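S.K.: Quick one: the structure is below, and I'll ask about it shortly.
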């Protein structure tokens, strides 16, 4: 098979600066690169420092409404300790979907918060 990895996840955003700040300050991503298309759409690619994967592409269009295909259900990020992450998220007043930590059948634990455009951000501690 020729597919080797997920290249990026595209997220349509209404406020580019707010979304960059959220993914930088809350998730820990850094801007890797950016470009502007001929139609005025701005693309910003964010990732973890020195990592080759897990890139989030923020897509800011001149038109303020999202196209129907522009919705993202959720993006998941791995954490070492879900309880510590929940405390950190509470300290920065993150908007929780539900403040209860879920334990999945495989032993993994997760929790969801909302991003700036109500996209769901999942933090996952994998089963040990």
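Residue numbers (our numbering): 8 to 135. Cβ coordinates follow ideal geometry from the N, Cα and C atoms, glycine included. Keep in mind it's a predicted model, so treat the numbers as computed, not measured.
What residues in its chain sit with their C-beta under 8 angstroms from that of residue 23, if we drop five residues either side in the sequence?
M.R.: The residue you call residue 23 lines up with position 16 of the chain shown. Hits under 8 angstroms: 49, 51, 65 and 67.
S.K.: For residue 69 and residue 32, I'd like the C-alpha separation in whole angstroms.
M.R.: For the purposes of this step, residue 69 is taken as residue 62 along the chain shown, with counting starting at 1. For the purposes of this step, residue 32 is taken as residue 25 along the chain shown, with counting starting at 1. If you take the alpha carbons of residue 69 and residue 32, they lie about 25 angstroms apart.
S.K.: Given a cut-off of 9 angstroms, decide if residue 99 and residue 118 are closer than it, judged by their beta-carbon atoms.
M.R.: Indexing the chain shown from 1 puts residue 118 at position 111. Indexing the chain shown from 1 puts residue 99 at position 92. Against a cut-off of 9 angstroms, the Cβ pair of residue 99 and residue 118 comes out as no contact.
S.K.: May I ask which residues mark the beginning and end of the beta strand (DSSP E) holding residue 64?
M.R.: On the chain shown, residue 64 is found 57 positions in, with the first residue counted as 1. Its beta strand (DSSP E) spans residues 63-67.
S.K.: In three-state DSSP terms, what is residue 50?
M.R.: Taking the first residue of the chain shown as position 1, residue 50 is located at position 43. In the structure shown, residue 50 sits in a strand (DSSP, three-state: E or B).
S.K.: Mind reading off the beta-carbon distance from residue 127 to residue 81? Whole number of angstroms is fine, and I expect it under 8 angstroms.
M.R.: By one-based count along the chain shown, residue 127 stands at place 120. By one-based count along the chain shown, residue 81 stands at place 74. Sure, about 4 angstroms apart at Cβ, within 8 angstroms.
S.K.: Quick check on residue 97: does DSSP put it in helix, strand or coil?
M.R.: In the chain shown, residue 97 corresponds to position 90, counting from 1. Helix.
S.K.: What separation, rounded to the nearest whole angstrom, lies between the Cα atoms of residue 56 and residue 110?
M.R.: In the chain shown, the residue the question calls residue 56 occupies position 49. In the chain shown, the residue the question calls residue 110 occupies position 103. Each residue's Cα considered, the two are about 29 angstroms apart.
S.K.: Taking residue 27 as part of the alpha helix (DSSP H), name the residues at either end of that continuous run.
M.R.: For the purposes of this step, residue 27 is identified with residue 20 of the chain shown, where counting begins at 1. Unbroken alpha helix (DSSP H) run through residue 27: 23-29.
S.K.: Return helix, strand or coil for residue 132, following the three-state DSSP convention.
M.R.: For the purposes of this step, residue 132 is identified with residue 125 of the chain shown, where counting begins at 1. Three-state DSSP puts residue 132 in a strand.
S.K.: Exposed or buried, what is residue 44 when buried is set at 16 or more other beta-carbons lying within 10 Å of its beta-carbon?
M.R.: For the purposes of this step, residue 44 is identified with residue 37 of the chain shown, where counting begins at 1. Exposed.
S.K.: Assuming residue 17 is part of the beta strand (DSSP E), what are its boundary residues?
M.R.: For the purposes of this step, residue 17 is taken as the residue at position 10 of the chain shown. First-last of the beta strand (DSSP E) with residue 17: 16-19.
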